[in-house]
Structures are given as structure tokens and as C-alpha cells.
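K.L.:
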Amino acid sequence: MDVTFAEQRERQEATPDMASLRDTDAIIIGETHNIRAHQIDQARLITILQPEYVLHEGWDEATPEDTNKIIRCYALATLQDVVGKSYSPEQLGITKDVFLRIEQKKSERYEQYRELYQKKGLTPAGASQEAKNLVEKDGVYPRSFTELLETPFYEWGMPVCEAVQELLLEETNGSSDLRDVRKRGAKRIREQKLHHERAQGLDYLYRAIAKAEGKLAGCDINKSLPRLEDVIEEDRRGGSVESPDAITGKETVSGYTDSYDRYKERLVAYIQNMNAMRERTMGVRIVDYARKKTAKKPLFAIVGSHHARPDSGIYPVLEVAGVRWKTIIQEEPENLLVNDVEYVLQLGAQ
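For our numbering, add 100 to where a residue sits in the sequence shown, where the first one is 1.
1) State yes or no: is the C-beta of L267 within less than 9 Å of the C-beta of I194?
2) Tell me whether the region 229 to 240 and the region 149 to 162 touch, counting them as touching only if at least three CB pairs, one residue from each stretch, are closer than 8 Å.
3) What ranges does the alpha helix (DSSP H) occupy inside the region 167 to 210, keeping only unbroken runs of at least 4 residues that lie completely in it?
4) Excluding five sequence neighbours on each side, which residues of the same chain lie with their C-beta closer than 6 Å to the C-beta of T147?
5) Apart from the five residues just before and just after R243, which ones in its own chain have a Cβ nearer than 8 Å to its Cβ?
6) Please give me, in chain order, every unbroken run of the alpha helix (DSSP H) with length at least 4 that falls completely inside the region 299 to 343.
7) Indicate whether I128 and A401 have their beta-carbon atoms separated by less than 9 Å.
8) How big is the Cα-Cα spacing for H295 and E255?
9) Compare the C-alpha of I321 against each of R336, K364, I386 and name the closest.
10) So, at 7 Å on beta carbons, what are the nonlocal neighbours of D240 in its own chain, with the 5 sequence-adjacent residues on each side left out?
11) So if DSSP puts V240 in a beta bridge, which residue, or which two residues, is it bridged to?
12) Counting C-beta neighbours from all protein chains within 10 Å, is the total for L121 16 or more, i.e. buried, or is it exposed?
13) Looking at the structure shown, is A263 part of a helix, part of a strand, or coil, going by DSSP?
14) Distance check for R366 and E432, CA to CA, integer angstroms please.
15) Would you be able to state if there are at least three C-beta pairs under 8 Å between the region 377 to 384 and the region 405 to 419?
16) Work out the CA separation of G274 and P326 for me, nearest whole Å.
17) Give the C-beta separation of T272 and R282 to the nearest angstrom, bearing in mind that I take them to be a contact with Cβ-Cβ under 8 Å.
18) Rounding to the nearest angstrom, what Cα-Cα distance links T246 and I332 in this structure?
19) On the DSSP bridge assignment, give the partners of Y153 in chain order.
20) Identify the residues that DSSP records as bridge partners of E131: which are they?
21) Expressed to the nearest angstrom, what Euclidean distance is found between the alpha-carbon atoms of Q292 and R136?
22) Give me the Cα-Cα distance between M118 and H133, rounded to the nearest whole angstrom.
23) For A137, which of helix, strand or coil comes out of DSSP?
24) So what's Q430 in DSSP terms, helix, strand or just coil?
25) Which of the three DSSP states is assigned to L268 in this structure?
26) Using DSSP with H/G/I as helix, E/B as strand and the rest coil, what is L399?
27) Contact check, E152 vs G314 under 8 Å by CB: the rounded distance?
28) Can you tell me which of L222, Q191, P398 puts its alpha carbon nearest to the alpha carbon of T124?
29) May I ask you to report which of helix, strand or coil DSSP gives A162?
30) Can you tell me the Cα-Cα spacing of E211 and Q218, whole angstroms?
31) Quick test of your reading: Y389 and L155, contact by CB under 8 Å. State the CB separation rounded to the nearest angstrom.
32) Going by beta carbon distance, what residues of the same chain come within less than 7 Å of I289, once the five residues before and after it are set aside?
33) What separation, rounded to the nearest whole angstrom, lies between the Cα atoms of V368 and G318?
34) Just the Cα atoms here: how many angstroms apart are L216 and D335?
35) Just confirm the distance between the C-beta atoms of P259 and K205, as a whole number of angstroms; I'd bet it's less than 8 Å.
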């Protein structure tokens, strides 16, 4: 059954489709890689269906043991998680005064950016505007104490992270357990903010898996993709990259054009040559985990939309093994440059 994710979301209120998804062994989601909105919607569906296993193409042949550490990290993703039922925010040093410290951190960061832009030659007014924009776009700035407790760390702006971390790490006379809780909270903020800067949308996915008490594994071969750096180095040795500019001493941009074209050719050839093997492996991994799962809930397999097409090599493997599946193809925005927040809203996000 092939439906777009938007169609599936529209039907969620009318239980037959959700019942249909629940009554299967595997749900295959065809995504467009690196679209944050796709991963946010995957997280929503995981929250609803609570799968025991989530398989992801990007993790290659990883097992749940390989990914356990990162999923455990996202089990504590808000101050409310850290506080738990044993302590109050005040015991962790978090009071409403935290907002004054956040504003101070925002001002400090604003000044750093403003000075940087002025050194780059912008006018004072231009530097101020750019600095303000950069600070505001850095992340979420909670407007209430409740919002501060419930917003995931990876959504926070860096000034919020810095302010809360400082408070959690301040010296306290509490019990050793309380000190451990405060240190753990500060560590989780640091880990998740750093990861968020590397792979934004995946944070939502990892958080949903952790809350569902699920396990994450890979469903692909261990890929050895061609690297642009290697192609450039080969061409440099062979004399294909142009000599450095006489004035700047830097290699000219045009010197890399042929290298980039050769890199693209290698990448396309690798994908085409390995595609059949990869899709068979995806199918085998889905079958393996469908047999491992102990609950009647369907597992999730998240792959590139190309691998979820009707003639994919995944499906014959599942059919032979007697594994039932449903396929959901996530829609691409018409313009990939569109702000993905707008795309989430188009899909009916709150």
C-alpha cells in the first residue's frame, strides 16, 4: 500500500488507516534525506505506534547494542526528564531567575557577533542587525518556566544551554545523588546541543525512539562512498588541478570543476552498482528484526524514497519470508529551499 505521508496524516483521525498500520509486520518509510520535517513526522508516527525496533538506512549494519548509548542519551532530553519525580527544579538550582541569566548570555553572544561583523566591514547598523538575526535563529528561547522545563535541550538556543548548564554545575550542599543528577543534566545538554548542530532532524527521531523504549539499528550495507577530497588529491597529483593564483597563492575555483564532475560520476556509479545489493540487504535486515521482535507492533524501516519505489529489491525478500509490510512515501516540498517549518505546517503540524 503506497500513500504519501500527508495523506496518512490526514487519515489518522479515522482509525481504519492507523489500524491497518498496526496490523502489519513492518512499516517502510521512504524519506528524502536531510529534510528535517520528514524526521519530525517520523517521530510523530513512532510516538503513536510505539515500535520495538526502528531500522535506519543511515546506520548501515549497526545493531541496537551499537546505538544504545545515543538512544539512552535522548531518554533525558528535557529539564522535566532530569528533575523526574524525586526533585524540584529549585533543588537543581533552576528558578525563574534563570531568564535573567539567559538574557545576559544572549547579550554577550550578540556583542561577539556584532564585533565580528564590524571587523568584516559591515556598517554599525548592519552589523547589529546581522548579529541580532544570528542570535535569534540559534534556537528556541523559552518564554515561560513551564516551556523551559518541557522544551528539548536540542531545540534551545546556545545562550539557554550556557545559562542552564552554569546553574546545574554550581556548587551545592545537597546530597551526592542530587549532585549527580545536576551533572547528568548538564552533560545531556552539552551532548544533545552538539549533536543537534551536526544532524538536526535526527534528534527528534532519537527522542521518539527513546520515549517509546524502542531500539535503533541499521538496515544497509557498510557503505564506502567516494570522497571529493580523494578525487581532488588524485587530480592534483596528476596535474589536473590548476596552479595557484599568482597573487593570492590559492588554487583557483575553476581548477576543481573537473574534479567535482568526476566525483559526481563516481558517486552515481557507486549508487547504481551497489543498489541491488543494498536493497536486498535492507530486505534481509527487515526480515531479521521482524522475527526478533516480541511485541505485535510493527517495526519501522526508514530508507531513502528511491529504495521504497514499487519495484524496489526490498519487497521480494519480504514476500518470500512472509513478512507483511506497508509503505509510506513522504512528500518532498515543491521547493527544497522552502523553510522546513513551513513544510511541517503544510503536513498539518501543530
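The beta carbon of each residue, even a glycine, is placed where N, CA and C say it ideally should be.
P.N.:
In short:
1) Going by C-beta atoms, L267 is nearer than 9 Å to I194.
2) No, they do not touch.
3) 179 to 183, all fully within the region 167 to 210.
4) Taking C-beta separations shorter than 6 Å and ignoring five residues to either side along the sequence, the partners of T147 in its chain run A308, following chain order.
5) Its chain contains no residue whose beta carbon lies nearer than 8 Å to that of R243 once the 5 sequence neighbours on both sides are disregarded.
6) The qualifying runs are 302 to 311, 328 to 338.
7) The answer is yes: Cβ separation under 9 Å.
8) For the pair H295 and E255, the Cα-to-Cα distance works out to about 11 Å.
9) Here the closest residue by C-alpha is I386.
10) Per the sequence presented here, residue 240 reads as Val, with Asp not at that position. The answer, listed in chain order, is T251, E255, W256, G257.
11) Paired residues: W256.
12) Burial state of L121 is buried, judged by a 10 Å Cβ sphere holding 16 or more other Cβ atoms.
13) DSSP, read as helix, strand or coil, puts A263 in helix.
14) Rounded to the nearest angstrom, the gap between the Cα atoms of E432 and R366 is 26 Å.
15) Contact between the region 405 to 419 and the region 377 to 384 is present, because at least three Cβ pairs lie under 8 Å.
16) Taking C-alpha positions only, P326 is separated from G274 by approximately 54 Å.
17) In this structure, T272 and R282 form a Cβ contact; the two beta carbons are roughly 7 Å apart against a cut-off of 8 Å.
18) Cα to Cα, T246 sits roughly 52 Å from I332.
19) Y153 pairs with K315.
20) According to DSSP, which records beta bridges pairwise, E131 is partnered with G404.
21) Near 16 Å, if we compare the C-alpha coordinates of R136 and Q292.
22) Roughly 25 Å between the two C-alpha positions.
23) Judged by DSSP in its simplified three-state form, A137 adopts helix.
24) Coil.
25) The three-state reading of DSSP puts L268 in helix, counting H, G and I together.
26) Note: L399 maps to strand in three-state DSSP.
27) Indeed, because the Cβ distance is near 6 Å, the residues count as touching under 8 Å.
28) By alpha-carbon distance to T124, the top candidate from L222, Q191, P398 is P398.
29) Residue state, collapsed to three classes: coil.
30) Between E211 and Q218, the C-alpha separation is close to 11 Å.
31) Right, their Cβ atoms sit about 6 Å apart.
32) If you ignore the 5 residues before and after I289, its C-beta comes within less than 7 Å of the C-beta of F253, C261, V264, Q265, all in its own chain and listed in chain order.
33) Straight-line Cα distance between these residues: approximately 22 Å.
34) In this structure, the alpha-carbon of L216 lies about 36 Å from that of D335.
35) About 3 Å separates the beta carbons of P259 and K205, which is inside the 8 Å limit, making them a contact pair.
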